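Per the working numbering, residue 293 is the first one in the sequence shown, and the count goes up by one each step. Okay, so here's the structure we're looking at.
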Amino acid sequence: MNTITERSPSDASHPLPVTQIDIGVGGMTCASCVARVEKALRKQPGVTDASVNLATESARVMLGSTDAAESLARVKRAVRDAGYEPRQLEAMDAQDEPHLMGVPRDLWPVLIGALLSAPLVLPMVGDFLGLHWMLPAWVQFLLATPVQFVLGARFYRAGWHALKALTGNMELLVAIGTSAAWALSTWLWWRAGEGEMAHLYYEASAVVITLVLLGKWLEARAKRQTTTAIRALHALRPALAHLLPDGMRRTALTDVAVDELLPGDVIRVLPGERFAADGTVVQGETQADESMLTGESLPVPKQVGDGVTGGSLNGEGAVDVRVRAIGAQSVLAQIIALVQDAQAGKAPVQRMVDQVAAVFVPVVLVLALATLVGWWWVGVPMEEALLHAVAVLVIACPCALGLATPAAIMAGTGVAAQHGILIKDAQALEIAHRVDTVAFDKTGTLTEGHPRLLGMEAASGVDEQAALTAAAALQAQSAHPLARAVIDAAAARGIDVVPDAAQAVQAVSGRGGQGRVNGVLLALGSLRWMEELGATLGPLQQRAQAWQERGATVSVLASQAPGPGEAPVWSVLALLAFGDEPKAGAAEALRQLRAQGMRLFMVSGDNQGAALAMAARLGLRADQGEVVAEVLPGDKAAVVRRLRLDDAGASVHTVAMVGDGVNDAPALAAADVGMAMSHSQGGSADVAMHAAGITLMRGDPMMVMAALDISRRTVSKIRQNLFWAFAYNVAGIPLAALGFLSPVVAGAAMALSSVSVVTNALLLKRWKPPQR
293 MNTITERSPS DASHPLPVTQ IDIGVGGMTC ASCVARVEKA LRKQPGVTDA SVNLATESAR
353 VMLGSTDAAE SLARVKRAVR DAGYEPRQLE AMDAQDEPHL MGVPRDLWPV LIGALLSAPL
413 VLPMVGDFLG LHWMLPAWVQ FLLATPVQFV LGARFYRAGW HALKALTGNM ELLVAIGTSA
473 AWALSTWLWW RAGEGEMAHL YYEASAVVIT LVLLGKWLEA RAKRQTTTAI RALHALRPAL
533 AHLLPDGMRR TALTDVAVDE LLPGDVIRVL PGERFAADGT VVQGETQADE SMLTGESLPV
593 PKQVGDGVTG GSLNGEGAVD VRVRAIGAQS VLAQIIALVQ DAQAGKAPVQ RMVDQVAAVF
653 VPVVLVLALA TLVGWWWVGV PMEEALLHAV AVLVIACPCA LGLATPAAIM AGTGVAAQHG
713 ILIKDAQALE IAHRVDTVAF DKTGTLTEGH PRLLGMEAAS GVDEQAALTA AAALQAQSAH
773 PLARAVIDAA AARGIDVVPD AAQAVQAVSG RGGQGRVNGV LLALGSLRWM EELGATLGPL
833 QQRAQAWQER GATVSVLASQ APGPGEAPVW SVLALLAFGD EPKAGAAEAL RQLRAQGMRL
893 FMVSGDNQGA ALAMAARLGL RADQGEVVAE VLPGDKAAVV RRLRLDDAGA SVHTVAMVGD
953 GVNDAPALAA ADVGMAMSHS QGGSADVAMH AAGITLMRGD PMMVMAALDI SRRTVSKIRQ
1013 NLFWAFAYNV AGIPLAALGF LSPVVAGAAM ALSSVSVVTN ALLLKRWKPP QR
């Protein structure tokens, strides 16, 4: 269907929400068609921007109007008035080709054209064999005319629409060129004397049209392969779910359509079935194959309390799952939306192609006319001069230019998504290949992100068990990793944590949290915060320093009490030491990135000792400034901006920031390329997919190198395609103008040019992420 999305304005200068309309556009064949549709759409009232993609045959329109129904109607009308067909997007993504008598329906015009053109070509083959014969003129006329005006009717229709819009396209060039060859042959036949056998060129017009139709059919087949990633993601959605009885309306297990599921429903997933929605396991144990979503080849164990992602494949156990997210809120829907957004967008390099396409066809028409006049001027017969001009018209096709960039982007973003790398837009893809500096957040990115309580020491006169009980009560409402470590440690010691034991709990950004437990105001946070509060460690100072030297993160539990003159003072109750482990393969990933010439940095909010100790385990060189510690979340963006600068203060480096996409959002936005890494097993729904240009669905640091690698390879394919598209025309047009190419050879070359560009882009589908 056509999609209509309302987006909030990014600043106060846009008071109305922006409406996004995605629609299929049928009938486009070249870069000139793209330019014409965009021009028509941008003329519509309320349209702020329009982007048309030749490879996906779709248009994305941004409007400042909130009347979605009227806007959609205007967009469709504009597409139709421009000479193209507005379509449903699903129709454009259809996987199965319609067949007629066992043959793809769109192949029939090619087969009929080949059948009618073959007798016209046979005399040319006979000439090579020394057999000189020719079909009667009336037979050639009867064979060529249906090809020219029936099979070739599409070229006349599209060319006429282009002329009415005072523009040009590939169809106009083909229509003019083949019509000239057909008309010349008809004129020579009509003026030939009685019994005279005129040399006719009907085979040129018929064969060129047949070859162009063949090229467009091959191109369409190749383009369908670039959308396999999207179709594969859509196929992950099961049609039915087994809904468990609720004891009131349903008393038995009921099969319902997935679209009917609601948050809170409990469904049963049998072995070998796909999870119908995002949710949480409430009964049973199993393993989930999430390879199509995250690229992780190994099954992920799932037990009660673990999250599951809709579309992943259940293993050998039957489990009951409570639905958490449905529809557009599900991880699979967000993945599909991100991939579609990336494939619908335009890379910055495409602007150059659009500028060339805008003047391409008029320039070719001028060159063809100059070729005709030039050859006639030097004394060549008019029919030969006209054939050279026809060859120029036929070989100069802007199809390859229009497909060069979007075909590579579709193939690159599609194969990246299959391996758990979601590229948000073409701009992020194009910038990522220039990255020479990578900054990593520490916790959850380079480390497991699941710290545990390594040790605890209470102040003199304070009961350690009571202090841990108070700390657990204070942290019971927090989802921070350190809070979970406190709660886990309390549970391990048999302490019952009451969720609402603390009142007036509030988090202090970058420092910790505070609240009242049993009427006493408690604070649990960093050493720096305690210094700001005026709490002194006293005899615990040496213990804190020793833990820090071993790389532990030290937090302080303090209480507030009235001091002299009723001024409140904070007194330390206990120290808590937390530790984290580096992720498996993190050190190897950093080593490989360094081997590729990358500048590496670890940006952490931890104290200097903890950061340096972890850096040593990861192979980072603190003596060369690769560790930046004690950085508040709000200051990470400033650190990222500084990493762009050289010693002289010039911005010379391209920086990628890798973080969890939530706490590091400002830094991700400040970087040239932000990479939001999943910090939970299997890439669950809390991944902030829209916080950065690239989302890594697995928390594996090797994915960073994989993302940079697919970016480099995709940009390389774009450059290769553009080179060959330009080189093809730069070389082909002069050869045709100088008489070295016949119209038939020019038609074959033109038909294969766009196919070769798409085929080159499809080589990206063989890409595999770098391995350890």
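Every residue, glycine too, gets a C-beta built ideally from N, C-alpha and C. This structure is a prediction, so every number in the text was calculated from the model and none was measured.
Looking at the strands, I want to know which residues DSSP matches up with residue i.
i	result
GLN647	Its beta-bridge partners do not exist; DSSP assigns none.
ASN606	ALA580
ILE315	ALA351
ASP733	VAL895
LEU745	PHE870
Just confirm the distance between the C-beta atoms of residue i and residue j, as a whole number of angstroms; I'd bet it's less than 8 Å.
i	j	result
GLN595	VAL573	6 Å
PRO415	LEU435	Rounded, the Cβ-Cβ distance is 12 Å, inconsistent with contact.
LEU630	LYS716	6 Å
THR321	GLU552	Incorrect: roughly 42 Å between the Cβ atoms, too far for contact.
ALA921	ASN899	7 Å
TRP862	GLY805	TRP862 to GLY805, Cβ: 14 Å. No contact.
VAL800	MET822	In fact, because the Cβ distance is near 12 Å, the residues do not count as touching under 8 Å.
ALA533	ALA568	4 Å
VAL932	ALA908	Between ALA908 and VAL932 the Cβ distance is about 23 Å, and since that is not below 8 Å, they are no contact.
ALA768	VAL789	5 Å
What are the start and end residues of the beta strand (DSSP E) that includes residue i?
i	result
THR987	986 to 988
PRO925	Segment: none, PRO925 is in no beta strand (DSSP E) and carries neither H nor E.
HIS534	532 to 535
THR572	570 to 575
ILE713	713 to 715
ASN1021	Careful: ASN1021 lies outside any beta strand (DSSP E), inside the alpha helix (DSSP H) at 994 to 1029.
VAL592	592 to 594
GLY901	Segment 900 to 910 is the alpha helix (DSSP H) holding GLY901; no beta strand (DSSP E) there.
LEU813	812 to 818
ILE559	558 to 561
Looking only at its own chain, which residues have a Cβ that is under 6 Å from the Cβ of residue i, when we skip the five neighbours before and after it?
i	result
GLN387	Its pLDDT being 49, under 50, GLN387 is placed unreliably in this model, and the value from its coordinates should be taken loosely. Closer than 6 Å at the Cβ level, and outside the excluded window around GLN387, lie ARG523.
MET995	LEU988
Roughly how many whole angstroms lie between the Cα atoms of residue i and residue j?
i	j	result
LEU816	VAL353	51 Å
SER471	GLY319	21 Å
VAL950	ALA962	12 Å
ASP978	ARG328	With a pLDDT of only 43 at ASP978, under 50, the local geometry of the prediction cannot be trusted, and no value is derived from it.
SER604	ALA708	18 Å
SER970	ARG516	31 Å
THR946	PHE732	14 Å
LYS913	ARG886	Note that residue 913 is Arg in the sequence shown here, rather than Lys. Each residue's alpha carbon lies about 11 Å from the other.
ALA902	GLU841	7 Å
LEU408	LEU693	31 Å
SER1034	LEU679	7 Å
LEU528	SER1048	31 Å
ALA681	HIS453	23 Å
ASN810	ALA968	40 Å
VAL645	GLY576	56 Å
ALA793	GLY807	10 Å
GLY917	LEU910	14 Å
SER546	ILE627	It is worth fixing the name first, because residue 546 is Thr in this sequence and not Ser. Approximately 29 Å between the Cα atoms of the pair.
MET894	ASP992	16 Å
GLU675	LEU659	17 Å
GLY602	ALA634	22 Å
ALA1053	ASP1001	15 Å
SER497	LEU505	12 Å
ASN606	ASP557	18 Å
By the DSSP assignment, the alpha helix (DSSP H) with residue i in it spans what residues?
i	result
PRO773	773 to 784
PRO698	691 to 710
PHE447	445 to 456
SER1048	1035 to 1054
ARG835	833 to 841
THR601	No alpha helix (DSSP H) contains THR601, which DSSP labels as neither H nor E.
Whose C-beta lies closer than 7 Å to the C-beta of residue i among residues of the same chain, with five residues either side of it excluded?
i	result
PRO640	GLN719 and GLU722
ALA1041	ILE687 and GLY1024
LYS1057	ALA703 and VAL707
TYR280	Because the chain is modelled from 293 through 1064, residue 280 falls outside the range shown and cannot be assessed.
SER943	ARG936 and LEU937
Could you name the residues of the same chain whose beta carbon sits closer than 8 Å to that of residue i, not counting the 5 residues immediately before and after it, in chain order?
i	result
THR1051	ALA514
LEU745	ALA777, VAL778, ASP780, ALA781, LEU868, ALA869 and PHE870
Examine the ligand NAP and report whether any of its heavy atoms sits within less than 6 Å of the Cβ of residue i.
i	result
HIS742	This structure lacks the ligand NAP, and indeed carries no ligand of any kind.
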